[in-house]
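K.L.:
One line per chain: the protein sequences are A and B, in this order. Note that the working numbering has the first sequence beginning at 1, numbered continuously upward. Note that the working numbering has the second sequence beginning at 1001, numbered continuously upward. Don't be surprised by glycine CBs; every beta carbon is placed ideally from N, CA and C.
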Amino acid sequence: MKHLITTYLYDVILLGVAMIGIIRFNQQTLPFRILAIAAICTLSLVILEDIFIARYQNNAPIYHIEAISGYTFYTLIYYHLFTDKLIKRFVIFSLIILIPFSIYNAIYLQSFIKIFPTFVNLPTLGLLAIMSLLLFNQMLTAPSHVPLLRQSVFWYNSAILFYSTTKFLNIGLSNTYTRDPSLDNIVFYLWYFTDYIFALLQGIALFIGVKSYKTHAL
Amino acid sequence: MRYRDIEIVLLSTAALFTFVTGFIIYFVFLYRNRQLKNKQEQEQLHAGFRQELLKTRIEMQDQTLDRVSREIHDNITQVLSFVKLNLALVNTPDEERRTEKISESRELVSQAISDLRDLSKSLSLEHITRQGLVKTIQAEAARLTKSGMISATVTTEGDIFPLGEQRELVLFRIFQESINNALKHANACNFKIVLQYIPEMFILTLEDNGCGFSLAEALKKDGSGLKNMENRAALIGAVAVISSKPGSGCKIKISLNPTKNTVYPDGYSNSTG
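1. From what residue to what residue does the beta strand (DSSP E) around B/S1151 run?
2. By a C-beta neighbour count over all protein chains shown, 10 Å radius and 16 as the cutoff for buried, is A/T42 buried or exposed?
3. Closer than 8 Å, CB to CB, is B/Y1197 near chain E or not?
4. Using the beta-carbon of each residue, which ones in chain A are nearer than 9 Å to B/V1020?
5. When the Cα atoms are used, what is the spatial distance from B/L1215 to B/T1064?
6. Show which residues of chain B have a CB atom less than 8 Å away from the CB atom of A/I186.
7. Between the alpha carbons of A/F168 and A/L95, how many angstroms are there, rounded?
8. Cβ atoms of B/L1030 and A/L140: under 8 Å apart, would you say?
9. Taking only beta carbons into account, state which residues of the stretch 1022 to 1034 of chain B come closer than 8 Å to chain A, listed in chain order.
10. Work out the CA separation of A/I208 and A/I97 for me, nearest whole Å.
11. Please compile the residues from chain A whose C-beta is within a distance smaller than 7 Å of the C-beta of B/T1013.
12. Work out the CA separation of A/L48 and A/A54 for me, nearest whole Å.
13. Going residue by residue through the stretch 149 to 209 of chain A, where are the continuous alpha helix (DSSP H) segments of at least 4 residues, counting only ones entirely within it?
14. Which one of A/F162, A/A142 and A/L128 has the shortest CA to CA distance from A/L201?
15. Mapping DSSP to helix, strand and coil, what is A/S111?
16. Within 8 Å of any Cβ in chain B, is that where the Cβ of A/M131 sits?
17. Mind checking which residues open and close the beta strand (DSSP E) that includes B/S1244?
18. Consult DSSP for B/Q1196 and reduce its assignment to one of helix, strand or coil.
19. Among the residues of its own chain, which have a CB less than 6 Å from the CB of A/A205, if the five just before and after it don't count?
20. Do A/T6 and A/Y189 come within 8 Å of each other at the CB atom, strictly closer than that value?
21. Which partner residues does B/I1252 have in the DSSP bridge list?
22. Kindly list the residues whose CB is nearer than 7 Å to the CB of B/L1226, restricted to its own chain and excluding five residues on each side of it in sequence; keep chain order.
23. Since B/L1250 and B/A1152 are thought to touch, with beta carbons under 8 Å apart, how far apart are those beta carbons, to the nearest angstrom?
24. Which of the three DSSP states, helix, strand or coil, is assigned to B/S1178?
25. With DSSP run on the structure shown, which of helix, strand or coil describes B/N1190?
26. Can you confirm whether the stretch 15 to 27 of chain A touches the stretch 50 to 64 of chain A when touching is taken to mean that 3 or more C-beta pairs between the two stretches lie within less than 8 Å?
27. Nearest CA to the CA of B/G1022: which residue from A/D195, A/A199, A/S158 and A/G172?
28. If you draw a straight line from the alpha carbon of A/I34 to that of B/S1255, how long is it in whole angstroms?
29. Here's the rule I'm using: 16 or more other beta-carbon atoms within 10 Å means buried, otherwise exposed. How should B/D1066 be labelled?
30. Is DSSP giving B/S1214 helix, strand or coil here?
31. Between A/I87 and A/L125, is the Cβ-Cβ spacing less than 8 Å?
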């Protein structure tokens, strides 16, 4: 029951984030429009996860889709936020490598039907953490007139940094303690706590919706 | 064992959460410091810009006063002296001659009034703002041609759009400096001014047919005037390219993208900065 409440609360938060994304869609710049679409996709996939769990007691296929679709969306957002051409190329290159790898992984390494896609999640989370640090660095080299807490890009990047690092730990902990029911509970709540914060930070980024921090650069 | 595992999970999670949150808080402070530093630098640049603009205005006023003084001495004083002479001859008994002298004097006084009106207009820098760059340059070129000092021609291409008061003042000052150079150092007799208004680009070309100079040597010797022109152009976000060779005149091309943001405030505004 507690698990169900936790899961549904996540659905409600995601619904709220997706609604903010839809309502403020026209006022957003391209990267944050992509974020709004990503929020809608995440909501749809999470609902599908719930359905799969209820019907088949297995949501691994959705995780496979979620792993690569999330990375694609967040990478595209970074592609539009970065100004350095070399970093942009790196971002696209990582996507070109990881999409075929995730397909290969789903077919040959970690079955699409049964296994959680750890091999895709770990490199994507690592890459996202690197990208968030690179964007923080870029923000420092060209500070904007706009106060930091009123910049969508700051909230988005914080969300990614928080998500990529804590999820990395969560996956590690899940793999280690998955057989211990009491620890599994802790890991479960940690997992959702991370998801809540990630979704809320994305919601703030979409809600603030400053046109573009690049245009405010000094 | 179980408690130990729970401890590991909670501690590692808490450590990571603290580290990430700490990093973000540190970034917020670091960013705020950078913002403040940038703001200070920006303010310094603005102060420099305002100072340079003031210098430009003072130089323009000096040059205008010089010109006014010369005009009064060479033109208006002469005309009025001639009127005085004419009026001295009015006492003649010859009615026809008297009428002729009075008529001639009236024309001369009209000319003096017209010249004084032109001078009074040129005394004010505000008329550059009101008239715009093109009309001010055209008026100046007409005055120079009329004075016989040099033959100046103005060509305008494209649809004229305002460049902003400060930019136009600086461009006019560059024009004045190049005219001065053409008259004082180059002994030019022709001066071509081309103003090209292309969408998102303005190009001012100033060309004389004077004796020219070696750019490298001029910069070595006393290139402060040329450097001034380049610096002033840079001040408004424009690029000045000066080209000259001994015997083949001098050409100054100033390119400005008016839509491009400069670091200077009021770049487009009508404030006097």
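P.N.:
Put simply:
1. Here residue 1151 of chain B refers to the residue found at position 151 of the second sequence. First-last of the beta strand (DSSP E) with B/S1151: S1151 to E1157.
2. Position 42 of the first sequence, counted from the first residue, corresponds to residue 42 of chain A. Under the 10 Å beta carbon count, A/T42 is surrounded by 16 or more other beta carbons and is classified as buried.
3. The chain labelled as chain E is not found among the protein chains of the depicted structure, namely A and B.
4. In the second sequence, the residue the question calls residue 1020 of chain B occupies position 20. Among the residues of chain A, those whose CB is under 9 Å from the CB of B/V1020 are S158, L161, F162, T165 and T166, following chain order.
5. Position 215 of the second sequence holds residue 1215 of chain B. Position 64 of the second sequence holds residue 1064 of chain B. Near 28 Å, if we compare the C-alpha coordinates of B/T1064 and B/L1215.
6. If you number the first sequence from 1, residue 186 of chain A lands on position 186. The answer, in chain order, is I1006, V1009 and L1010.
7. Numbered from 1 along the first sequence, position 168 holds the residue referred to as residue 168 of chain A. Numbered from 1 along the first sequence, position 95 holds the residue referred to as residue 95 of chain A. Here the alpha carbons of A/L95 and A/F168 stand approximately 19 Å from one another.
8. As a working mapping, residue 140 of chain A is identified with position 140 in the first sequence. As a working mapping, residue 1030 of chain B is identified with position 30 in the second sequence. It is a contact, given that the beta carbons lie within the stated cut-off.
9. Interface annotation for the stretch 1022 to 1034 of chain B against chain A: F1023, I1024, F1027, V1028, L1030, Y1031, R1032 and R1034, criterion Cβ-Cβ distance under 8 Å.
10. Here residue 97 of chain A refers to the residue found at position 97 when the first sequence is read from its first residue. Here residue 208 of chain A refers to the residue found at position 208 when the first sequence is read from its first residue. It is roughly 33 Å from the alpha-carbon of A/I97 to the alpha-carbon of A/I208.
11. As a working mapping, residue 1013 of chain B is identified with position 13 in the second sequence. Those within 7 Å of B/T1013 in chain A are L169 and L190.
12. Your numbering for residue 54 of chain A matches position 54 in the first sequence. Your numbering for residue 48 of chain A matches position 48 in the first sequence. Distance between the alpha carbons of A/A54 and A/L48: 10 Å.
13. For the alpha helix (DSSP H) assignment, the uninterrupted runs of no fewer than 4 residues enclosed by the stretch 149 to 209 of chain A are, from N- to C-terminal side, 152 to 177 and 181 to 208.
14. For this step, residue 201 of chain A is matched to residue 201 along the first sequence. The shortest C-alpha separation from A/L201 is found at A/F162.
15. For the purposes of this step, residue 111 of chain A is taken as the residue at position 111 of the first sequence. Assignment of A/S111 by DSSP, reduced to helix, strand and coil, places it in the coil class.
16. Position 131 of the first sequence holds residue 131 of chain A. Contact with chain B is absent for A/M131, since none of that chain's Cβ atoms lies less than 8 Å from the residue's Cβ.
17. Translated into the one-based positions of the second sequence, residue 1244 of chain B becomes position 244. Note, B/S1244: beta strand (DSSP E), A1238 to S1244.
18. Here residue 1196 of chain B refers to the residue found at position 196 when the second sequence is read from its first residue. DSSP places B/Q1196 in strand when its eight states are reduced to three.
19. Along the first sequence, read from residue 1 onward, the residue named residue 205 of chain A stands at position 205. Correct list, in chain order: S152, W155 and Y156.
20. In the first sequence, counting from the first residue as 1, residue 189 of chain A sits at position 189. In the first sequence, counting from the first residue as 1, residue 6 of chain A sits at position 6. Cβ atoms of A/Y189 and A/T6: closer than 8 Å.
21. Counting from one through the second sequence, the residue named residue 1252 of chain B turns up at place 252. Answer is B/L1206 and B/I1242.
22. Start at 1 with the first residue of the second sequence, and residue 1226 of chain B comes out as number 226. Taking C-beta separations shorter than 7 Å and ignoring five residues to either side along the sequence, the partners of B/L1226 in its chain run A1218, L1219 and I1242, following chain order.
23. To locate residue 1250 of chain B, count along the second sequence from 1; it is residue 250. To locate residue 1152 of chain B, count along the second sequence from 1; it is residue 152. The displayed chain sequence assigns Cys, not Leu, to residue 1250 of chain B. About 14 Å separates the two Cβ atoms, so there is no contact after all.
24. For the purposes of this step, residue 1178 of chain B is identified with residue 178 of the second sequence, where counting begins at 1. DSSP places B/S1178 in the helix class (H, G or I) of the three-state scheme.
25. One-based indexing of the second sequence puts residue 1190 of chain B at position 190. Correct three-state label for B/N1190: strand.
26. Inter-segment contact for the stretch 50 to 64 of chain A and the stretch 15 to 27 of chain A is absent: fewer than three beta-carbon pairs are separated by less than 8 Å.
27. To locate residue 1022 of chain B, count along the second sequence from 1; it is residue 22. When only C-alpha atoms are compared, the closest one is A/S158.
28. Working through the first sequence from its first residue, we reach residue 34 of chain A at position 34. Working through the second sequence from its first residue, we reach residue 1255 of chain B at position 255. In a straight line, the C-alpha of A/I34 is about 38 Å away from that of B/S1255.
29. For the purposes of this step, residue 1066 of chain B is taken as residue 66 along the second sequence, with counting starting at 1. Counting Cβ neighbours within 10 Å, B/D1066 comes out exposed, since fewer than 16 surround it.
30. Within the second sequence, residue 1214 of chain B is the residue found at index 214, counting from 1. Correct three-state label for B/S1214: coil.
31. Here residue 87 of chain A refers to the residue found at position 87 when the first sequence is read from its first residue. Here residue 125 of chain A refers to the residue found at position 125 when the first sequence is read from its first residue. Taking 8 Å as the Cβ cut-off, A/I87 and A/L125 do not qualify as a contacting pair.
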